[in-house]
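Note that the sequence shown ends on residue 163 in the UniProt record's numbering; no numbers are left out. C-beta: ideal position from N, C-alpha, C; glycine also. None of the values given here were measured: they were computed from a predicted structure.
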Amino acid sequence: MKEIFKKLDKRIIDKFDKITIKVMRSTSRPAIRLSFGIIFIWFGILKPLHLSPAEGLLKATVTWLPFGSPDNWLIIIGWWEVVIGIFFLFEKTTRIAIILLLTQMVGTFMPLVFLPEVTFQSGNFLLPTLEGQYIIKNLIIISAALVLGGEVNRSKNQNRNHS
């Protein structure tokens, strides 16, 4: 009798697992795109409105640039992020969004190099400050963008292969 319940439990768990995986596969790409859209539009629009908590860090990072003022860069980067967010909302523009995101991320990581006194505690690279953590967490955004990019056209190709 115990054996029957074990097999029954395993079948129920396997069925639940398959259903869960199917739901995750069908919702993960739209969820990532929507999340990117919300995050980049929201955080981006705060910059030209001078409401971003990252404003000081961003301006301090771009002061060395030979052209444009930090205020102008703040506005440019803010609108750049809004465009990234908008492009992520649509499957057809995902590749463009990823290229823009990866370009933007180069600048995002610059404070780790140019402002270590702001991004790390006592210059110790194993002890990021809140600002450092804010920047380093972008690794997950890059990773999610790469996963999303690897999935572009996958469903179309799978449909063609099954036809």
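Annotation for Phe88: the continuous alpha helix (DSSP H) segment containing it runs 70-88. For Asn153, there is no enclosing alpha helix (DSSP H), as DSSP marks it with neither H nor E. Distance between Ile12 and Ser35, taken at the CA atoms: about 32 Å. At the C-beta level, Leu58 and Trp42 stay beyond 9 Å of one another.
Separation of the CB atoms of Glu81 and Gln104 is rounded to 7 Å, and the pair is thereby assigned contact status at 8 Å. When secondary structure is reduced to three states using DSSP, Pro128 falls in the strand class.
Close CB contacts of Leu101 within its chain, under the 6 Å cut and outside five residues either way in sequence, are with Ile84, Ala145 (chain order). Here the alpha carbon of Pro48 sits roughly 29 Å from the alpha carbon of Arg29. When DSSP reads this structure, Phe120 sits in a beta bridge with Pro128. Per the C-alpha coordinates, the member of Val152, Glu151, Gly150, Ile141 positioned closest to Ile38 is Ile141. Contact between Phe109 and Ile135 holds: CB atoms are separated by about 6 Å, below the 8 Å threshold. Around Ile98, the same chain offers Ala145, Gly149 as residues with beta carbons nearer than 6 Å, after the five sequence neighbours per side are excluded. Rounded to whole angstroms, the separation of the alpha carbons of Glu3 and Asn138 is 48 Å.
In the three-state scheme derived from DSSP, where H, G and I count as helix and E and B as strand, Thr63 is classed as coil.
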